[in-house]
Amino acid sequence: MRLLLFVLLVLLYFHPIGSAQELPNVVFLLADDLGGSDLHCYGHPYSRTPNIDRLAAEGTRFTQFYATGATCCPTRTGLMTSWFPARFSTYPANGGFADRVTITELLRKRGYATGHFGKWHIGPDTKAGTYGIDVINSVDDQTVKNRKSKDERGRDAHIYDDAIRFIEQHQGGPFYVNVWGHISHNPVNPVDSLVKRWKGLSVKESDFPEPMHSKFIAVRDGGGDVNDAMSRYLADVESLDDAVGRLLKRLDELNLRNKTIVVFSTDQGADMTKAGQGGLRFNQMGNNGALRGGKHTHWEGGVRVPWIVRWPGHVPAGQVDEQSVLSGADWLPTLCSITGTEINQSDFDGEDTSAAWLGKNRHVRSKPLLWKTSSAGSEAFIREAQWKLRRPTRRKDGELELYDLIADPNESRNVAADHPEIARQLDAKLAQWVSTLPKDYLKAKDNED
């Protein structure tokens with residue numbers, strides 16, 4: 027009898043996730059086109075993001091987190107399926123994920139109530155039950171472009187309202203909810219009451235790195251006003267922070283803070299090419315810091331994005347992890363590990379990074395990160411250890427480019443000639459991966475602008 031009691035106590039101690047009531051809730055806050063340095067806690071000189079900053083202070087902030095794509099659909103595809111998006115022969119925004127399992131399907135089978143609010147862009151079907159999501163309330167980009175939000179709280183306020191209601195309805199847990207907003211995707215057109223908060227802003231260009239100087243010049247050359255554009259952009263971002271604050275406050279009021287994993291990220295970096303094209307594009311003041319490139323590119327400015335994780339009592343508070351290299355493809359296997367959801371790790375491109383989340387040790391990848399658009403003739407990128415290599419599909423388009431991201435995170439110096447063996451090895455790995463991809467893509471063009 028004593029032996030049986032001892033065994034039961036051991037099982038309870040070493041298997042803390044034993045019932046649905048003990049599983050953590052998951053709230054995934056995803057911004058759209060937010061720059062890697064747009065948050066105050068990631069170095070923006072002016073932005074006011076106290077609620078997201080508080081989320082970082084109460085959790086861990088990662089500085090080497092990578093989106094799986096440089097536009098909206100590929101990033102969301104990697105998050106939902108843990109597959110690098112170029113593996114799909116039909117562009118998922120048009121054809122969905124075929125027979126690939128999603129994180130929401132896996133968690134629903136584990137006993138989670140699942141919800142999705144806001145941007146979709148992961149398939150043609152948005153009816154309840156798609157991808158194992160119980161409640162779906164999505165608004166596509168075109169609808170957003172065709173209307174100007176009259177909500178004085180900002181254009182994503184209604185998305186957060188819906189998410190908060192879902193949380194209230196499922197506060198008994200466990201629940202998983204995607205809260206995927208449209209800020210700061212074009213058009214950036216906040217209501218006047220939000221812009222007035224930034225009255226008198228005077229942009230000091232020396233406060234910003236060189237890539238932003240090119241954007242300022244483009245705005246002025248196009249007849250725009252940099253101070254006005256920055257004010258409108260920061261007003262849009264501030265309204266997102268306000269919405270995040272309301273959601274976090276409600277979690278506290280429902281006594282769910284310690285029971286809930288909250289993650290904040292963005293789908294890719296800010297667009298660095300279209301600020302001077304006129305009209306609302308003048309307001310595209312997203313800032314990727316000194317990193318090269320932005321949205322639509324697989325340079326660091328396009329794919330290295332903020333990643334903040336809070337789970338009180340589990341994820342260390344106030345920690346900045348500058349060493350772990352994480353990916354959106356890791357979202358599914360990491361959550362499955364934390365929730366005790368069984369999967370075959372070899373079926374996925376991502377890795378279990380829960381040890382880094384929980385502050386036990388930095389994550390050292392066993393598999394490289396890979397990027398390529400859904401086009402047979404496009405360039406491809408690989409990151410392994412500190413190295414990142416660009417491989418043009420046709421050598422006439424250029425030579426191999428190799429960068430040491432530890433010494434040169436801004437990808438300013440091609441060191442392929444200095445490290446020919448490393449370049450050769452990474453090129454071979456990249457070529458092998460590309461050889462496994464579809465030879466033809468159906469409706470692969472991304473319509474996002």
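If you read the sequence shown in the working numbering, its first letter stands for residue 27, the second for the next number, and so on.
Even glycine gets a Cβ: it sits at the ideal position worked out from N, Cα and C.
None of the values given here were measured: they were computed from a predicted structure.
Residue burial classification, residue i (beta-carbon count within 10 angstroms, cutoff 16)
i    : result
Y39  : Unreliable placement is indicated for Y39, whose pLDDT of 40 sits below 50; the coordinate value is still reported in the next sentence. Exposed, because fewer than 16 other Cβ atoms sit within 10 Å of the Cβ of Y39.
H196 : buried
T462 : exposed
Q458 : exposed
D466 : exposed
A443 : exposed
N281 : exposed
L468 : exposed
A82  : buried
E264 : buried
A296 : buried
N387 : exposed
R409 : buried
S228 : exposed
L456 : buried
Residue i (DSSP reduced to helix, strand or coil)
i    : result
K176 : coil
S45  : Confidence at S45 is low in this model, with a pLDDT of 49, below 50, so the placement of that residue is unreliable and no value is reported for it.
S63  : coil
Q168 : Note that Q168 has pLDDT 48, beneath the 50 cutoff, so the model's placement of it is unreliable and no number is given.
V263 : helix
Q345 : strand
Y202 : strand
L396 : strand
I364 : helix
L468 : strand
K153 : coil
Q371 : helix
I162 : strand
Q90  : strand
I334 : strand
D356 : helix
L227 : coil
R439 : coil
F407 : strand
L277 : helix
F54  : strand
D233 : helix
Nearest residue (CA-CA) to residue i, options the options
i    : options                : result
Y72  : K393, S257, E131       : S257
Q310 : A411, S353, P213, E194 : P213
K176 : L220, R307, V289       : L220
G180 : P464, E131, A269       : A269
G250 : G305, D278, L277       : G305
T140 : V205, A457, K275, R246 : V205
A411 : V351, R417, E437       : V351
T116 : P76, T103, D453, S108  : T103
G302 : G312, I129, L132, R318 : G312
W413 : L452, H340, W397, D378 : L452
I448 : Y429, P332, H211       : Y429
R134 : H340, T367, P216       : T367
E48  : L227, L395, V161, T365 : T365
E437 : P446, T419, V252, F407 : F407
K398 : F110, F88, L55, N51    : F110
F308 : R276, M238, T292, E279 : M238
F192 : H142, W333, L227, S363 : H142
P200 : K275, M298, N120, R283 : R283
L65  : Y259, I159, D278       : Y259
D375 : E178, A355, A154       : A355
P235 : Q90, D59, G319         : G319
S240 : T286, K300, R223, I334 : K300
D160 : A343, G137, L56        : G137
Extent of the continuous alpha helix (DSSP H) run through residue i
i    : result
G328 : 326-329
L132 : 129-135
E194 : 183-195
D247 : 236-247
Span of the beta strand (DSSP E), counted from its first residue to its last, around residue i
i    : result
Q451 : Per DSSP, Q451 belongs to no beta strand (DSSP E); it is in the alpha helix (DSSP H), 446-462.
L81  : No beta strand (DSSP E) holds L81; the alpha helix (DSSP H) holding it covers 76-83.
H142 : 139-144
L220 : Per DSSP, L220 belongs to no beta strand (DSSP E); it is in the alpha helix (DSSP H), 218-221.
W413 : 413-417
S291 : 286-292
Cβ distance (whole Å) where residue i is taken to contact residue j below 8 Å
i    : j    : result
N314 : G69  : The pair is not a contact, with the Cβ atoms about 10 Å apart (cut-off 8 Å).
L497 : E427 : Summary: the structure shown does not reach residue 497, with the chain confined to residues 27 through 475, and so no result is reported for it.
A402 : H389 : Not a contact, Cβ separation roughly 32 Å.
H290 : I78  : Strictly speaking, residue 290 in this sequence is Phe, with His absent from that position. So it is a contact: roughly 6 Å between Cβ atoms.
I209 : D262 : 5 Å
T86  : V341 : 5 Å
I162 : L358 : Not quite, the Cβ-Cβ distance comes to about 19 Å (not below 8 Å), so this is no contact.
S353 : T97  : That belief does not hold up - the Cβ atoms of S353 and T97 are roughly 16 Å apart, past 8 Å.
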